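Shown next as structure tokens:
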């Protein structure tokens, strides 16, 4: 009798906790100038990856992306190009898949490995297991880019938004939002455009 | 006592279960197979295709109707889930001067392969148009300053007022939102 009572109460508490936790985190999210959280997430090679692993980095391109969103797919080659261009300058790409594989099976860990191998990803591709990191950043869609600058007081958010102004055709891009932001950051200049908007796929939780 | 706790727990399971069900895949929402490099064959698409300049008049009609402008795409699960409610409202409220316009944001490679078959299969009666303008950062704020770019998103307007919703709707919620516009 008593055991049942305790089990029932525990189940209730767990459910309430899970429920209210989601409600709160949905509202959160970073603005420009905020300190971004570090994380420890599993990479497709099985290793855990944190921002703090990158001792020599000057910053990071944290990109929430996935296998299944047409917009994310359209940007895959450009994400690889960003990593190749900026890793050597101290700003590597860290890709995070925020989708819940239970809801979107083609964004599962094995599918991530396969996609990364097919495309030859040059950067870590991490699974946001339990969907805990993306709400803290405030990512709402894929792809969603956060440029962070490593400072003495933490990783500061410098840019939030889209990669560029033409998802359909890389050759018709007129404004390379992310590249402009990284270049300005590395040059110690002011970033002219710190947030941009784009259509994207809602994150599947 | 045990029973009441069990009932409470079960009802919580049910509530949480229903919440997540909304987000689960349904049979028609198959995963998107994206062929970025596919030849698009878009010339004979059966829906009007607009860039934002061409599309803008649909957001600013000055007649006596109330317009429900729903931004969606075939690859967007929550969009597909709410489409039946827009169809129902379009049918029920047309005598009240309400018109639903479904604005597809599908990519050119999907117009013939996915969008047309989808609209046909579902027998959609509402007007369907395609908004094809890659300069999203320019036009998203012109639809609504507060729009972050997520879909589904819906604009309801008439010549007197307008409201923007970056969210999915249930049938009830859509009617509640619409009731502010129709007399």
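Residue numbers (our numbering), protein chains in the order written: chain A, 111 to 315; chain B, 58 to 240.
Just so you know, even glycine gets a beta-carbon here, dropped at the ideal spot from N, CA and C.
Remember, predicted model here, so these are calculated numbers, not experimental data.
request  = Assuming residue 205 of chain B and residue 230 of chain B form a contact by the criterion Cβ under 8 Å, report the distance between their Cβ atoms to the nearest whole angstrom.
outcome  = Contact doesn't hold; Cβ gap of about 19 Å is too wide.
query = Cα-Cα, which of A:204, A:203, A:242, A:261 is closest to residue 143 of chain A?
reply = A:261
Nearest neighbour of residue 319 of chain A, chosen from A:155, A:290, A:286, A:257 [CA to CA] = The question about residue 319 of chain A has no answer here: the residues shown for chain A are numbered 111 through 315.
task = Would you give the residue range spanned by the alpha helix (DSSP H) that residue 289 of chain A belongs to?
result = 287 to 296
query = Closer than 7 Å, Cβ to any Cβ of chain B: which residues of the segment 254 to 278 of chain A, in chain order?
reply = 272, 275, 276, 277, 278
query = the segment 103 to 125 of chain B: which residues have C-beta closer than 9 Å to a C-beta of chain C, in chain order?
reply = Absent from the structure: chain C. Protein chains present are A and B.
Own chain, CB closer than 8 Å to residue 94 of chain B, minus 5 neighbours either side, in chain order = At residue 94 of chain B the pLDDT is 35, less than 50, meaning the model places this residue with poor confidence; the figure from the coordinates comes in the next sentence. Around residue 94 of chain B: no qualifying Cβ.
key: Exposure label - residue 220 of chain A; buried when at least 16 CB within 10 Å   = exposed
inquiry  = At the 8 Å Cβ level, is residue 193 of chain B part of the contact set with chain A, yes or no?
reply    = yes
ask   = Which same chain residues, not among the five before or five after residue 204 of chain A, have their C-beta less than 6 Å away from its C-beta?
value = 170, 172, 234
Exposure label - residue 186 of chain A; buried when at least 16 CB within 10 Å = buried
key: Backbone CA spacing between residue 160 of chain B and residue 236 of chain B [nearest angstrom]   = 22 Å
ask   = Could you give the residue range of the alpha helix (DSSP H) that holds residue 196 of chain B?
value = 193 to 200
inquiry  = Would you call the segment 167 to 174 of chain B in contact with the segment 192 to 209 of chain B, where contact means no fewer than 3 C-beta pairs closer than 8 Å?
reply    = no
task = Along the beta strand (DSSP E) that carries residue 183 of chain A, what are the first and last residues, could you check?
result = Note, residue 183 of chain A: premise wrong, no beta strand (DSSP E); alpha helix (DSSP H) at 180 to 197.
query = Do we get a CB-CB distance below 8 Å when we pair residue 208 of chain B with the residues of chain A?
reply = yes
Exposure of residue 103 of chain B, with buried meaning 16 or more beta-carbon neighbours within 10 Å = exposed
inquiry  = Only counting the same chain, and skipping five residues up and downstream in sequence, which positions put a Cβ closer than 7 Å to that of residue 145 of chain B?
reply    = 228
ask   = Who are the near neighbours of residue 160 of chain A in its chain, counting only those whose CB is closer than 7 Å to its CB and skipping five residues on each side?
value = 148, 149, 150
key: Span separating the alpha-carbon of residue 220 of chain B from that of residue 194 of chain A   = 43 Å
ask   = Are the beta-carbon atoms of residue 194 of chain B and residue 306 of chain A separated by less than 8 Å?
value = yes
query = Do the segment 215 to 230 of chain A and the segment 183 to 190 of chain B make contact, defined as three or more Cβ pairs closer than 8 Å?
reply = no
Distance, residue 174 of chain A Cα to residue 290 of chain A Cα = 19 Å
query = In chain order, what residues of the segment 147 to 177 of chain B put their CB closer than 8 Å to some CB of chain A?
reply = 162, 164, 165, 167
query = Which residue spans inside the segment 152 to 228 of chain B form an unbroken alpha helix (DSSP H) run of at least 4?
reply = 173 to 179, 193 to 200
ask   = What does residue 260 of chain A pair with, by DSSP beta-bridge criteria?
value = A:265
ask   = How would you call residue 214 of chain A, buried or exposed, if buried means at least 16 neighbouring beta carbons within 10 angstroms?
value = buried
query = Tell me, which residues are paired with residue 134 of chain B by DSSP?
reply = Beta-bridge pairing links residue 134 of chain B to no other residue.
query = Using DSSP with H/G/I as helix, E/B as strand and the rest coil, what is residue 270 of chain A?
reply = strand
Cβ-Cβ separation, residue 190 of chain A to residue 238 of chain A (assumed contact under 8 Å), whole Å = The pair is not a contact, with the Cβ atoms about 20 Å apart (cut-off 8 Å).
query = Secondary structure at residue 233 of chain B, three-state DSSP: helix, strand or coil?
reply = helix
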